[in-house]
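Residue numbers (this note's numbering): 2 to 239.
Idealized CB from N, CA, C, for every residue including glycine.
As the structure is a prediction and not an experimental result, all values here were calculated from the model.
Right, one structure below, let's go through it.
Below, the structure written as structure tokens:
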């Protein structure tokens, strides 16, 4: 997987203190690693957990924080800095959300917290998202023209099938590390979009809320990022 493992390393933070100071305590025991974006969790369940956490239910907050920690930490890592910086961005986002900020009607809790993570990362680094690619995705030279008599607009140079051997190779050795490095090299916005949509399976609409960009720009970043990664993979497994 492209996703980095959550909650590892010496700089991890533990969530605590909802009822009293609502602080993040460094150096405490590391939370158990969450499952991948909490299969089976519903937005309504997140809303209920957030409401309980705001009312002082520490267990409810810990459940919610564990559920989404992996994706939020991976999102924060798209900005310059190390693991500790990313943890601090996520912590700042949760503290803002617990304090009553930033959950709009019709917006999921995870998208709201992700938006707060982006705000914290921008405040920490001063690094903002760049412009969307002007010509994202696959070049037009790989398609027949609109006037082609047999296949107008269809592939003339389609992606090559990789097959089961290539699929196994992509899960082994240095390929996952290579992909992770390539995702980081997509730039902040491209890295964030690919991380949310392709690594963690978020829909474009939620990703757009998280990074405060229109859906069309998210699709442009996503298409360009996927093309860049495919070029790398084709060269690696050729």
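Q. Are there 16 or more other CB atoms within 10 angstroms of the CB of residue 113, so buried, or fewer, so exposed?
A. buried
Q) Taking the C-alpha atoms as reference points, what is the distance between residue 119 and residue 195? A) 15 Å
**Q.** Beta-carbon proximity list for residue 123, same chain, < 7 Å, skipping 5 on both sides
**A.** 129
Q) Distance, Cα to Cα, residue 87 vs residue 143? A) 39 Å
Q: With a threshold of 16 other CB atoms inside 10 Å of the CB of residue 102, please say whether the residue is buried or exposed.
A: exposed
Q | Nearest-angstrom Cα separation, counted from residue 89 out to residue 81 | A | 13 Å
Q: In the DSSP assignment, find the unbroken alpha helix (DSSP H) run with residue 62 in it and report its ends.
A: 59-77
(Q) Closest to residue 159 by C-alpha separation, out of 62, 79 and 235, would be which residue? (A) 235
Q | From 146, 189, 104 and 106, residue whose alpha carbon lies closest to that of residue 133 | A | 189
(Q) Tell me the DSSP secondary structure of residue 41 in three-state form. (A) With a pLDDT of 45 at residue 41, under the threshold of 50, the modelled position of that residue is not reliable, and no figure is offered here.
Q. Residue 144 by DSSP, collapsed to three states: which one?
A. strand
Q: For residue 82, verify whether its CB is less than 7 Å away from any heavy atom of the ligand FAD.
A: For the structure depicted, the ligand FAD is absent and the ligand set is empty, with no information on it obtainable.
Q.
Could you compute how far the alpha carbon of residue 179 sits from the alpha carbon of residue 207?
A. 27 Å
**Q.** Where residue 203 falls: helix, strand or coil (DSSP)
**A.** coil
Q) Terminal residues of the continuous alpha helix (DSSP H) containing residue 195? A) 188-195
**Q.** Straight-line Cα distance separating residue 229 from residue 116
**A.** 26 Å
Q: Report buried or exposed for residue 151, applying the criterion of at least 16 other Cβ atoms within 10 angstroms of its Cβ.
A: exposed
Q: Let me know the secondary structure DSSP gives residue 156 once reduced to three states.
A: strand
Q) Since residue 108 and residue 212 are thought to touch, with beta carbons under 8 Å apart, how far apart are those beta carbons, to the nearest angstrom? A) Incorrect: roughly 13 Å between the Cβ atoms, too far for contact.
(Q) I need the DSSP call for residue 114, collapsed to helix, strand or coil. (A) helix
Q. Going by the beta-carbon positions, is the gap between residue 226 and residue 202 smaller than 8 Å?
A. no
Q | Boundaries of the alpha helix (DSSP H) in which residue 177 is found, first to last residue | A | 176-185
**Q.** Cβ-Cβ distance between residue 85 and residue 111 below 8 Å
**A.** no
Q) So residue 150 is in the alpha helix (DSSP H); what residue range does that whole segment cover? A) No alpha helix (DSSP H) holds residue 150; DSSP gives it neither H nor E.
Q) Helix or strand or just coil, what does DSSP make of residue 54? A) helix
Q | Interface flag, residue 218 vs chain D, CB-CB below 8 Å | A | Among the chains of the structure shown, chain D does not appear; only one protein chain is present.
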